[in-house]
Amino acid sequence: MFNPLNPDGVAPPVRKYVHTMTVPSGYKLLSVSGQVGTLPDGTIPEGIEAQSEAAWANCLKCLEAHGMGIENVYKVVQYLIDPGHRDAHFAIRDRYLGDHDITSTLLFISALAQPEMLVEVEIFAASPE
Numbered sequence: 091m092f093n094p095l096n097p098d099g100v101a102p103p104v105r106k107y108v109h110t111m112t113v114p115s116g117y118k119l120l121s122v123s124g125q126v127g128t129l130p131d132g133t134i135p136e137g138i139e140a141q142s143e144a145a146w147a148n149c150l151k152c153l154e155a156h157g158m159g160i161e162n163v164y165k166v167v168q169y170l171i172d173p174g175h176r177d178a179h180f181a182i183r184d185r186y187l188g189d190h191d192i193t194s195t196l197l198f199i200s201a202l203a204q205p206e207m208l209v210e211v212e213i214f215a216a217s218p219e
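Okay, here's the thing in structure tokens:
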């Protein structure tokens, strides 16, 4: 569906992502606001694993609301407040993505919207019209 490419002359990705991705013409684009690790009842679980799991589950629900799935995602932006959470978050991310290629950005920031929040995931997806 998408056309991933790691251009010649650019160092290979250090994790599971690609440097570039094109979306075919005629596709509708979906932008999903950053999803934090809140549960359906609005509570925020403790720990990076629980919050990453909830954030990715929320992303999947947003995709499904538009008739899309993980296979429609072409870009992921992730915000973590602690560099030590990277591996735990990526383990959950990689489970959701499977073998699906994406472009990816990871940022370490000082805080999210509420002090107990540890992770936020923003996704971009596309599907045929």
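Note that the numbering used here has the sequence shown beginning at 91, numbered continuously upward. We put the CB at the ideal spot given by N, CA and C, even for glycine. No experiment lies behind these values; they were computed from the predicted model shown.
Can you give the beta carbon distance from residue i to residue j, rounded, assuming they're within the 8 Å contact cut?
| i | j | result |
| --- | --- | --- |
| M207 | V122 | Not a contact, Cβ separation roughly 17 Å. |
| T133 | K165 | No, T133 and K165 are not in contact; Cβ-Cβ is about 29 Å, not under 8 Å. |
Assign residue i to one of two classes, buried (16 or more other C-beta atoms within 10 Å of its C-beta) or exposed (fewer than that).
| i | result |
| --- | --- |
| S115 | exposed |
| R105 | exposed |
| Q204 | exposed |
| N162 | buried |
What are the start and end residues of the alpha helix (DSSP H) that includes residue i?
| i | result |
| --- | --- |
| L208 | Looking at the DSSP string, L208 is not in any alpha helix (DSSP H), and its letter there is neither H nor E. |
| Q141 | 138 to 155 |
Suppose contacts are defined by Cβ-Cβ distances below 8 Å. Is residue i in contact with residue j by that definition?
| i | j | result |
| --- | --- | --- |
| V209 | H175 | yes |
| A181 | L120 | no |
| H179 | L187 | no |
May I ask which residues mark the beginning and end of the beta strand (DSSP E) holding residue i?
| i | result |
| --- | --- |
| S121 | 117 to 126 |
| L95 | 93 to 95 |
Quick check: the segment 139 to 146 against the segment 103 to 112, are at least 3 beta-carbon pairs closer than 8 Å? Taking 8 Å as the limit for Cβ pairs, the verdict is that the segment 139 to 146 does not touch the segment 103 to 112.
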